[in-house]
Amino acid sequence: MNTDAVNYEVRGPIAIVTMTKPPVNGLGADLRAAIADAVERANQDATVQAIVLTGSNKFFSGGADVTEFGTAKASREPHLRKVIEQIENSTKPVIAAIAGNCLGGGLELALGCHFRVAVADAVLGLPEVKLGLLPGAGGTQRLPRLIGLEAALNVIVYGNPVAAIKFKGTPLIDEIVDGDLVAAAIAFAGKVVAEKRVLKRVRDLKVRDAQPEAFLQFAKNTVAATVKNFPAPLKCVEAVAASYLKSFDEGMKLERESFLSLMNTPESRALRHVFAAERAAAKIAGIPDGTNARAVDSVGIIGAGTMGGGITMSFINVGIPVVLLEATQEALDKGLATIRKNYESSLKKGKLTQDKLDQRLALIKPTLSYDDFRAVDLVIEAVFESMEVKEKVFTTLDAVCKPGAILASNTSALNLDAIAAFTKRRQDVIGLHFFSPANVMRLLEIVRGAKTGPDVLLTSMQLAKKIKKIAVVSGVCDGFIGNRMVARYGMAANALLNAGALPQQVDGALQRFGLAMGPFRMGDLAGLDIGWAGRKRRAASQPDKDFRVVADKICEAGRFGQKTGAGWYRYEAGKRDPIPDSVVENLITEYRAERGLTPRKIRDDEIVERCMFALVNEGARILEDGIAARASDIDIVYLNGYGFPVHRGGPMKYAEEVGLSSVVHALRKIAAEPGADVAFWTPAPLLVRLAEEGKGF
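Numbering of the sequence shown is given in this note's numbering, commencing with residue 5 and proceeding in unit increments.
Here it is, written out as structure tokens:
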């Protein structure tokens, strides 16, 4: 039997069932049915004495087909639980032959087999908790019976994969094999038949643990204290506890009930959304088939400050050499010292060896001359946010760099097409907007200019993956996706100050909502002078508009944030804890008086609603303008660049959970208030249309 899902063949007395459902052997409806049919066929064939179930070298099975979640296929018979039960009740031994990734439902499938053989570097895991779920096909009941409560809880509650070799000597893995996996599995099956081994049904085993009750109580207390906002980990503990406290069938019933209840939680919907969104972000329109990426074997970076140093570390961490340019020897030495200090911190924590530290630093070639960029494949500038400065940099790069070198700007807001126009090679210019600290933050906003070549875009996407970033493509506009939206978010926050709130109340409400940091704390961290410069730039180009906000008074007082020891808050030397400051309260009071504003009491829920819906409204406009390809890209930007709470799935997903009609109603209500900025709060046409049609983004 050969189908699109499995390959069935018989070698002597052994039937080999190979899952062939690319890319990951996801256990969707077709594959489940094909496995069931193959096992039934083998059991009915008198010449077959044993069955080997296997996958590809890279994937035994990646688990459930998440694309079927919420569709009719997900509930189509046979369910995975039924397939596993069929395997478990097979009268002929079934041996799982495991290579590559054996995850989620894939591992549950293997646990249902009578025996398991694996290559040493096969990866086993039950990562469902990372989707806000728990294993739903017996993983919480079978795994503890094979490796004990503690080891099983570590696998299930944290969801991290483990190499098969780690389970050598446990009932989970009967044999670690070398060489040809299938040949070794056939030989093992032959021994099982020849020795007439008893078929081991994992469901019939007892959980072995020295002090199960004490451990389970400890585990419950520990997990409860560390999983704020996520219900799945505690449900995992309860289900694993049932493997000891209840019969197998009772435990399976509890597991199933918990799985179904978690599927309907907003947290799981959010995490599943993020899972799909990260994969969708890698799909880019407008790259012709057959486009080849350019080779990037060396990188030039302009600027050894905080951003340039972090970008440098991102490349040397993966073995790509960097030519690091600064204007003065003093600035260069300072930047190199900071990079070394960062690595030495990792060395002290045991995260890095001295050899690795030395190897990485040896990949940096410091320079004061642009001439050293003549041979590099990519240059990234991380200089001051000034179009005049960018013009000097790109004019020089155009003259110095070799043909085909990619010229990238780390600008967070400036017009990339205008920057590209400073060169005679606009097709080679792209925006690579890293987020600070660049060696830590996962997000890379890739800005595609009007003339950016498709091969340059493809190269940048592949390079992002290599340096372990999640990339989102943006079109050209002021602030791109992230900072264009955060400007609106900041305007909403500033309006709340005008209305009567204080920075610490706004930050507190949004942090309780789940943000890692409120807007005023974030401003202090980034530097208030950056936004101040942007407002002055916009005021100069649009003299008929008033861009002045409370933050201008803060900056005029010389308070730029943490780097000056004072901004919206004050900071003690060597510490980052924000301390509310009466000086700021007085400046806010002065600003309100100058504007004739009368403060009122502001509720925390009002703070959250206005700030979140301002984000969502601008996100809808960004989609209308074609700056972002999809709403989920916006969510990825905010989750990875701005500390948006993962359990809410991003601002656009959060709006869907609230209901787009509710968002539109709230925006219209705010826009109708006396003195409101009507243009700011009027719902975007896309938002209105989707709400009226009862659709989501």
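Built from N, CA and C at the ideal position, the CB exists for glycine as well.
Can you check whether the CB of residue j is closer than 7 Å to the CB of residue i?
i	j	result
Ile-177	Ala-141	no
Gly-453	Val-433	yes
Leu-519	Gly-647	yes
Glu-449	Gly-486	yes
Val-127	Asn-105	yes
Leu-138	Phe-279	no
Leu-691	Ala-624	yes
Glu-179	Val-121	yes
Gly-312	Ile-320	no
Leu-185	Ala-103	yes
Asn-11	Ser-65	no
Val-587	Asn-498	no
His-285	Asp-639	First, the residue type needs correcting, since residue 285 is Ala and not His in the sequence shown. Result no, Cβ atoms of Ala-285 and Asp-639 do not sit closer than 7 Å.
Ile-423	Leu-382	no
Gly-565	Leu-532	yes
In three-state DSSP terms, what is residue i?
i	result
Ser-302	coil
Met-445	coil
Leu-258	helix
Arg-85	helix
Phe-64	strand
Asn-321	coil
Asn-93	coil
Glu-677	coil
Ala-286	coil
Ser-478	strand
Gly-527	helix
Pro-26	coil
Thr-7	coil
Ile-18	strand
Ala-433	Ala is not the amino acid found at residue 433; the sequence shown has Val there. Reduced to three states, the DSSP call for Val-433 is strand.
Ser-707	Beyond the ends of the chain as shown, which are 5 and 701, falls residue 707; an answer cannot be given.
Note down, in chain order, each residue of its chain lying with its Cβ closer than 8 Å to the Cβ of residue i, except the 5 sequence neighbours on either side.
i	result
Ile-583	Tyr-573, Arg-574, Tyr-575, Glu-576
Pro-441	Thr-310, Gly-314
Lys-338	Ala-308
Thr-295	Pro-458, Asp-459, Leu-462
Leu-266	Gly-136, Leu-137, Leu-138, Pro-235, Ala-236, Lys-239, Ser-272
Lys-605	Gly-504
How big is the Cα-Cα spacing for residue i and residue j?
i	j	result
Asn-47	Gln-53	8 Å
Gln-363	Glu-385	24 Å
Asp-548	Arg-542	10 Å
Ile-39	Ile-160	25 Å
Lys-250	Thr-230	26 Å
Leu-220	Val-241	8 Å
Lys-673	Gly-679	12 Å
Gly-494	Ile-534	13 Å
Pro-97	Ala-189	12 Å
Glu-622	Arg-492	7 Å
Ala-78	Lys-352	49 Å
Arg-429	Val-397	14 Å
Leu-203	His-118	6 Å
Leu-111	Gly-183	22 Å
Ala-570	Leu-447	28 Å
Phe-192	Tyr-642	51 Å
Lys-699	Ala-236	28 Å
Ala-635	Phe-701	6 Å
Ala-675	Ile-343	48 Å
Ala-245	Asn-225	13 Å
Ala-50	Ile-20	15 Å
Give me, in chain order, the residues of the same chain whose beta-carbon lies closer than 6 Å to that of residue i; leave out the 5 immediate sequence neighbours on both sides.
i	result
Ile-368	Val-326, Leu-328
Phe-171	Ile-177
Lys-25	Ala-9, Leu-35
Gly-116	Ile-88, Ile-91, Glu-92
Contact defined as beta carbons within less than 8 Å: I believe residue i pairs with residue j. What is the distance between those atoms, to the nearest angstrom?
i	j	result
Ala-289	Asp-459	Not really, about 15 Å apart at Cβ, beyond 8 Å.
Ala-2	Gly-109	Missing from the structure shown is residue 2; the chain here goes from 5 to 701 and no further.
Glu-392	Ser-416	Not quite, the Cβ-Cβ distance comes to about 17 Å (not below 8 Å), so this is no contact.
Ala-379	Ser-302	7 Å
Leu-258	Pro-165	With a Cβ gap of about 25 Å, Leu-258 and Pro-165 do not count as contacting.
Leu-500	Val-490	Their Cβ separation, rounded to whole angstroms, is 15 Å, which puts Leu-500 and Val-490 out of contact at 8 Å.
Val-133	Gly-152	Between Gly-152 and Val-133 the Cβ distance is about 19 Å, and since that is not below 8 Å, they are no contact.
Arg-146	Val-211	Rounded, the Cβ-Cβ distance is 10 Å, inconsistent with contact.
Pro-17	Val-197	7 Å
Counting only C-beta atoms, is residue i closer than 7 Å to chain C at any point?
i	result
Phe-279	Given the protein chain composition of this structure (a single chain), no chain C is represented.
Quick one: what's got a C-beta closer than 7 Å to residue i's C-beta in the same chain, skipping five residues either side?
i	result
Pro-370	Leu-328, Leu-336, Leu-340
Cβ of residue i versus every heavy atom of the ligand GTP: is any distance shorter than 6 Å?
i	result
Glu-560	Among the components modelled here there is no ligand, and therefore nothing to report on the ligand GTP.
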